[in-house]
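Per our numbering, the very first residue in the sequence shown carries number 19; after that it's consecutive.
Built from N, CA and C at the ideal position, the CB exists for glycine as well.
Owing to the predicted nature of the structure, the values given are computational and were not obtained by experimental measurement.
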Amino acid sequence: MRRRDDFTLAVRRGRRAGRPNVVVHLLHPDQAPDAATAPLVGFIVARTVGNAVVRNTTRRRLRHLMRSHLDRLPAGSLLVVRATPSAGTARPDELAADLESALDRLLRPASKGRR
């Protein structure tokens with residue numbers, strides 16, 4: 019995912035799952051503008067995560083971890099993975115656990131309402 023509009027759409031209109039190291043936003047294909055394409059994934063790693071080396075390392079780790087989960091995403095969906103400041107110092111297995119947990123929550127059928 020490269021277009022600002024796609025990031026904005028996923029973050030504002032998609033479902034969100036927050037974990038200590040990542041916040042994941044998912045816009046399902048029925049809400050996405052182009053539902054016939056493969057799922058698009060984007061990453062947001064802000065300066066609060068660390069310097070340029072730390073940010074790029076974190077982005078590469080997240081991108082690598084997402085590769086194994088692409089087949090779980092519905093075609094045409096938009097997914098944004100936002101790294102929190104603690105992601106820069108997190109171990110790779112912690113990042114993997116947080117990402118998997120957030121995806122599990124987002125890919126479950128939505129409940130009817132909150133308590």
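- Here Arg31 is exposed: its Cβ has fewer than 16 other Cβ atoms, across all protein chains shown, within 10 Å.
- DSSP places Val63 outside any alpha helix (DSSP H); the residue lies instead in the beta strand (DSSP E), whose first and last residues are Leu58 to Val63.
- One Cα belongs to Pro47, the other to Thr26, and the distance between them is close to 15 Å.
- Cβ-Cβ separation between Ala120 and Val67: approximately 17 Å, too far for a contact (criterion under 8 Å).
- In this structure, the alpha-carbon of Asp116 lies about 7 Å from that of Asn39.
- For Ala120, the enclosing alpha helix (DSSP H) begins and ends at Pro110 to Leu125.
- Its chain contains Arg73, Thr76, Arg77 and Ala101 as the residues whose beta carbon lies nearer than 7 Å to that of Val63, once the 5 sequence neighbours on both sides are disregarded; these appear in chain order.
- Leu80: member of the alpha helix (DSSP H) spanning Ala70 to Arg85, first to last residue.
- His43 and Asn69 have their C-alpha atoms spaced approximately 24 Å apart.
- For Val41, the CB contacts under 6 Å within the same chain, skipping 5 residues up- and downstream, are Arg100 in chain order.
- When the Cα atoms are used, Leu83 and Ala114 turn out to be separated by approximately 6 Å.
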